[in-house]
Amino acid sequence: MAIPIKLLMIRLLDGRITINEEPVEVLTEFAPKPELNCITMNADPALNSKSTFHYYRKTKLNPGDPGYDPDNPDMMYVTRKVRWDVYEDSVSLHVWAKTNEIRDHLVMQVDKIVTEAKMHHYQYCSKYNHITGVCITTEQQCDAVSRDGVHSIEGRCPYPDIVDPESPHYRNPRTYFQETGIRVESLISRGATNVDQLDLVPEVYHTAINFDYTLDKETVVDVSPLLNVTVNKIN
126 MAIPIKLLMI
136 RLLDGRITIN
146 EEPVEVLTEF
156 APKPELNCIT
166 MNADPALNSK
176 STFHYYRKTK
186 LNPGDPGYDP
196 DNPDMMYVTR
206 KVRWDVYEDS
216 VSLHVWAKTN
226 EIRDHLVMQV
236 DKIVTEAKMH
246 HYQYCSKYNH
256 ITGVCITTEQ
266 QCDAVSRDGV
276 HSIEGRCPYP
286 DIVDPESPHY
296 RNPRTYFQET
306 GIRVESLISR
316 GATNVDQLDL
326 VPEVYHTAIN
336 FDYTLDKETV
346 VDVSPLLNVT
356 VNKIN
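Written as structure tokens, this is what we have:
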């Protein structure tokens, strides 16, 4: 099972970290491969739990569901009980390079990518096709590229809050943070430490970059209609 923070880092960095326009490998294992240059990471798979909540999700029922009232098709029901777990943890990225100059170049790229992703830059939207430049929702060129406006100038979708699929401005942008459950504002660098191994042949230039983060995980623990039990109407 993929660790969410590692999945996030792979999606952000893989294919975007380069040297002379050649991609640098981004690996989820700690120890580097013999071929430098590369980036690895390590994170404890056992998350540190901060708090747990339970809430009930409201939805409409479909015809055929137990409890469906054909005379009140828009009635909202409590249909699911959800457990919401909040975790706080950290991850370390390790930059391995042949020279000090290459190491510094890679570290700067990591910092730039994480900063842009936290600002909701279109390059890090899962609805953006990096090959065609097309928005998957509209099947047209991404609005952050083609339109003027404050959001577009900053590289963000100009319609981030439109939730009605029938709206002509509906885009439904999705960040990699949303897809992995990691709070965008929580990913904070605690700094970088150089741990070079200059006694090796060839020399290895190594920087560890440490990030703290908060992860939200929701788990449905009860589904009323599917369990064929009485559902509770919401007044």
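Residue numbers (the working numbering): 126 to 360.
By construction, the Cβ of each residue, glycine as well, lies at the ideal position given by its N, Cα and C atoms.
Just to confirm the assignment, what range does the alpha helix (DSSP H) spanning HIS240 have?
Here the sequence assigns Thr to residue 240, which means His is not the residue at that position. Bounds of the alpha helix (DSSP H) holding THR240 are 225-243.
Would you identify the three-state DSSP class for ILE130, choosing helix, strand or coil?
DSSP places ILE130 in helix when its eight states are reduced to three.
In three-state terms, what does DSSP make of ASP268?
Correct three-state label for ASP268: helix.
Looking only at its own chain, which residues have a Cβ that is under 7 Å from the Cβ of ASN167, when we skip the five neighbours before and after it?
Within its own chain, the residues whose Cβ lies closer than 7 Å to the Cβ of ASN167, once the five positions on either side in sequence are excluded, are PHE155 and SER217, listed in chain order.
Alpha carbon of ILE164 to alpha carbon of TRP221, nearest angstrom:
Rounded to whole angstroms, ILE164 to TRP221 spans 6 Å at the Cα level.
Using CA coordinates, which residue listed in TYR212, TYR295 and VAL259 is at the minimum distance from SER178?
The residue you asked about is not Ser; residue 178 is Phe in the sequence shown. Per the Cα distances, TYR212.
SER176, DSSP secondary structure in three states:
Strand.
Would a C-beta distance cut-off of 9 Å place TYR247 and CYS282 closer than the cut-off?
The criterion of a C-beta distance shorter than 9 Å is satisfied by TYR247 and CYS282.
Mark ASP268 as exposed unless 16 or more other C-beta atoms lie within 10 angstroms of its C-beta, in which case mark it buried.
Burial of ASP268 is indicated by the presence of at least 16 other C-beta atoms within 10 angstroms of its C-beta.
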